[in-house]
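**Q**
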Amino acid sequence: MRTHEEMKALALSRSAVRTEYERIEREEMPLLDMVLTALREAGLSQAQIAERMGTNVPAVSRGLF
1 MRTHEEMKAL ALSRSAVRTE YERIEREEMP LLDMVLTALR EAGLSQAQIA
51 ERMGTNVPAV SRGLF
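As numbered in the UniProt record's numbering, residues 1 to 65 make up the sequence shown, in order.
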């Protein structure tokens with residue numbers, strides 16, 4: 001069985017995968033970091049966020065991590 005790092009290296013050896021990975025790192029990860037920082041500073045738990053959004057904790061967890 002391959003490790004996570006081996007699978008990642010294999011996937012990133014493909015040009016299209018590497019291009020998309022780099023786009024996500026550049027465009028989406030900073031936004032996620034900002035959202036997580038704001039939530040941490042607000043002191044909100046995933047349960048509180050889910051309640052405010054009208055959804056459940058697993059949906060919040062999948063969306064944030």
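Using N, Cα and C, we set each Cβ at its ideal position, and we do this for glycine too. In this text, all values refer to a predicted model and were calculated from it rather than measured experimentally.
Which residues mark the beginning and the end of the alpha helix (DSSP H) in which Leu39 is found?
**A** Unbroken alpha helix (DSSP H) run through Leu39: 29 to 42.
**Q** Helix, strand or coil: which one does DSSP assign to Arg2?
**A** In this structure, Arg2 counts as coil in the three-state DSSP scheme.
**Q** Let's see if you can read the secondary structure: which residues bound the alpha helix (DSSP H) around Thr55?
**A** Note, Thr55: premise wrong, no alpha helix (DSSP H); not H, not E.
**Q** Taking the CB atoms as reference points, tell me whether Arg52 and Leu64 lie closer together than 9 Å.
**A** Not in contact: Arg52 and Leu64 (Cβ atoms no closer than 9 Å).
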